[in-house]
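Engineer: Each residue of the sequence shown is one higher than the last, beginning at -17 in my numbering. Heads up, the beta-carbon is just placed ideally off N, CA and C, and yes, glycines get one too. The structure displayed is predicted, hence computed values, not measured ones. Before anything else, here's the structure in question.
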Amino acid sequence: MSEKIPYKIYLEEHEMPKQWYNVRADMQKKPAPLLNPATLQPCTAEELGNVFCDELVKQELNETDRYIDIPEEIQEFYKMYRPSPLVRAYCLEKKLDTPAKIYYKFEGNNTSGSHKLNSAIAQAYYAKQQGLKGVTTETGAGQWGTALSMACSYFDLDCQVYMVKCSYEQKPFRREVMRTYGANVTPSPSTTTEVGRKILAEFPDTNGSLGCAISEAVEKATTQDGYRYVLGSVLSQVLLHQSVIGMESKIAMDKYGITPDIIIGCAGGGSNLGGLISPFMGEKLRGEKDYRFIAVEPASCPSLTRGVYAYDFCDTGKVCPLQKMYTLGSGFMPSANHAGGLRYHGMSAVLSELYDQGLMEAVSVEQTAVFEAAQQFARVEGILPAPESSHAIKCAIDEAMKCKETGEEKTILFGLTGTGYFDMYAYGAYNDGRMSDYIPTDEELQKSFDTLPKID
Ligand SMILES: *Cc1c(COP(=O)(O)O)cnc(C)c1O
């Protein structure tokens, strides 16, 4: 192709995806089923329906339909902020003086500032369809809570958010955005739930954790009439909704005849990475093309690179179904690093299985190196990235620098999941030289692994 690739590749409305892609349909060996924590048998749709919305349960259990229609109303909502730009990072390439061609898919172009809105709007839609009054959820760094608040206000649903205490205190503006959209925000652990009171009694000084906030939100959903629990990552339904990121990227790249060699994403619970790579992974699974996929996680919370592949609880309170995944143990309390959205102890079952099969790689990176990459990126590409997203930037820069050494002109695509305007504490710590790199010891991890449920 002689035509110069534009800085930003957009799609016309009519080119936008009308279906989500369900990568499980193309997996020979499927992810292991969710287990009921009481019986240790695979969860039935009926059991899951007590916690989750009915249609979302169907999607969660659907391993066979390759494509699932995006309802019209969701497509319309998407059109307000999608397609998200696919950017050729010419300026970064020049700065790095690399022969690599770098692209990023920027999901920070909406008020929530991240990709989470893609699934929030879908989940709110199905809750509304079911005639529910509202939904409960947890939020770590606050991006998911913000996205869900926006989605709920759009469909006139009540939104109750349990926000991990340290972020509640560190990010007051996130909280106010949520309240502006009408959500009710409670710091977790709280005294409003039984599980919260129990955790507080045991650990009165806790900063909270995602696993703990999940337990509270689930309890709230199951003890109020007309409420269900919704989750912003980890679940297969969330990866499904996020496949819109990968579908758009693929359509845009195909338009210009671009084929990525390496696709990179940060991994917290795995939803943006899973969504970005899905259609490409589908091609790899079907033997049509080959790509390298790299999951990037913080060295302080290294579920893929140092975790074990086992059944574990998804939450500290052990009320959620058990999932087979790469995990650090549900009791693992990561140090209070600044990439709040990547502090989950486990990983998507789909990505865990793909990783276990050797179809995806994983690397872990340290916090200060991540912020160095964030700063470098902000200075040349103009976007102030979220700390979470900056994990992917760090890895993309590393891969581009390898190309510089070898002279290879590889094409790199990475997910730029969001903006970092609410993370200026973290940037402040970095700018002041106060940022540290905490890496858990093997002993610490082993202590957490010892508490894993014993299931074969
Ligand atoms: C939540 C979040 C992540 C991590 O979540 P995944 O489910 O792993 O995608 C990454 N980046 C941003 C900006 C986030 O808000």
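(1) Is Ala281 near ligand 1, judged by its Cβ being under 7 angstroms from some heavy atom?
(2) When we look at the beta-carbon of Glu54 and count the other beta-carbons within 10 Å, is it buried (16 or more) or exposed?
(3) Return the chain-ordered list of same chain residues with a C-beta closer than 7 angstroms to the C-beta of Ser191, the five sequence neighbours on each side being excluded.
(4) To the nearest angstrom, how far is it from the Cα of Glu425 to the Cα of Gln1?
(5) Since Leu336 is in the alpha helix (DSSP H), which residue starts that stretch and which ends it?
(6) Considering Asp424, what are the terminal residues of the alpha helix (DSSP H) in which it resides?
(7) Going by the DSSP bridge assignment, what does Val69 pair with across the sheet?
(8) Here's the rule: buried if 16 or more other CB atoms are within 10 angstroms of the residue's CB, otherwise exposed. What is Ala195?
(9) To the nearest angstrom, how far is it from the Cα of Cys385 to the Cα of Pro81?
(10) So what's Gln1 in DSSP terms, helix, strand or just coil?
(11) Hey, could you find the ends of the alpha helix (DSSP H) Leu222 is sitting in?
(12) Is the Cβ-Cβ distance between Gly250 and Ile259 less than 8 angstroms?
(13) Report yes or no: do three or more beta-carbon pairs, one from the stretch 274 to 290 and one from the stretch 238 to 246, lie closer than 8 angstroms?
(14) Using 8 angstroms for Cβ pairs, my map puts Ser282 next to Ser334. What's the rounded Cβ distance?
(15) Hey, which unbroken runs of the alpha helix (DSSP H) at 4 residues or more fall wholly within the stretch 352 to 397?
(16) From Ala458 to Cys35, what distance separates their C-alpha atoms?
(17) Quick check: what's the CA-CA separation for Cys377 versus Gln206?
(18) Report yes or no: do three or more beta-carbon pairs, one from the stretch 40 to 55 and one from the stretch 117 to 125, lie closer than 8 angstroms?
(19) Compute the Euclidean distance between the alpha carbons of Arg157 and Val167, then round it to the nearest angstrom.
(20) By how many angstroms is the C-alpha of Thr309 removed from the C-alpha of Leu427?
Structural biologist: Looking at the coordinates:
(1) no
(2) exposed
(3) Val146, Thr298 and Met315
(4) 46 angstroms
(5) Ala331 to Asp338
(6) Asp424 to Phe431
(7) Lys(-10) and Tyr86
(8) buried
(9) 6 angstroms
(10) strand
(11) Ser218 to Lys237
(12) no
(13) yes
(14) 19 angstroms between Cβ atoms; not a contact.
(15) 369 to 388
(16) No information on residue 458 is available, as it lies outside the stretch -17 to 438 that the chain covers here.
(17) 44 angstroms
(18) no
(19) 7 angstroms
(20) 10 angstroms
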